[in-house]
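Contents: one structure, followed by commentary.
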Amino acid sequence: MSIPKVSVEQVKAARALLRWSQKDLAERSGVSLPTVKRLEAGTGPIGGRDDTEAALRGALEAAGATFIPENGGGAGARLKR
1 MSIPKVSVEQ VKAARALLRW SQKDLAERSG VSLPTVKRLE AGTGPIGGRD DTEAALRGAL
61 EAAGATFIPE NGGGAGARLK R
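Mapping the sequence shown onto UniProt numbering, position 25 (from 1) lands on 25, and the numbers just tick up by one.
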């Protein structure tokens, strides 16, 4: 079973909850700042390579963010308790 892709909006929401800038996300994920900016300029599922998405998602989850899948109420992000 594959892990559902997160959306640009979910990444931005998780970053906001963590009070991270794009630079913070780039540094913590190992993804270049220009790539973070380019990906966040879009909408919908995170584009680019699967390992890039995994690095972004991994950094946000390691810091306490969790992603809520589309379940009829809309996809989202929140902080772990």
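Ideal Cβ placement from N, Cα and C applies to all residues, glycine included.
CA-CA distance, G48 and N71? The residue given as residue 48 occupies position 48 in the sequence shown. The residue given as residue 71 occupies position 71 in the sequence shown. One C-alpha to the other measures close to 25 Å.
Residues in the same chain with beta-carbon distance under 6 Å from L25, minus the five sequence neighbours each way, listed in chain order, please. Here residue 25 refers to the residue found at position 25 of the sequence shown. So the qualifying residues of the chain are R15, V36.
Quick test of your reading: R78 and T66, contact by CB under 8 Å. State the CB separation rounded to the nearest angstrom. As a first step, residue 78 is located in the sequence shown; it is residue number 78 there, counting from the start. As a first step, residue 66 is located in the sequence shown; it is residue number 66 there, counting from the start. Confirmed, about 6 Å.
Expressed to the nearest angstrom, what Euclidean distance is found between the alpha-carbon atoms of Q53 and K5? What you label residue 53 is simply residue 53 of the sequence shown in a count that begins at 1. What you label residue 5 is simply residue 5 of the sequence shown in a count that begins at 1. According to the sequence shown, residue 53 is Glu rather than Gln. Rounded to whole angstroms, E53 and K5 show a C-alpha spacing of 8 Å.
Quick check: the Cα distance between A75 and D50, rounded to an integer number of angstroms? As a working mapping, residue 75 is identified with position 75 in the sequence shown. As a working mapping, residue 50 is identified with position 50 in the sequence shown. Between A75 and D50, the C-alpha separation is close to 19 Å.
Distance CB(V8)-CB(G42) smaller than 7 Å: In the sequence shown, counting from the first residue as 1, residue 8 sits at position 8. In the sequence shown, counting from the first residue as 1, residue 42 sits at position 42. Going by C-beta atoms, V8 is nearer than 7 Å to G42.
Endpoints, the beta strand (DSSP E) within which A75 is located: One-based indexing of the sequence shown puts residue 75 at position 75. Careful: A75 lies outside any beta strand (DSSP E) and carries neither H nor E.
Mind reading off the beta-carbon distance from A59 to S29? Whole number of angstroms is fine, and I expect it under 8 Å. What you label residue 59 is simply residue 59 of the sequence shown in a count that begins at 1. What you label residue 29 is simply residue 29 of the sequence shown in a count that begins at 1. A59 to S29, Cβ: 4 Å. Contact.
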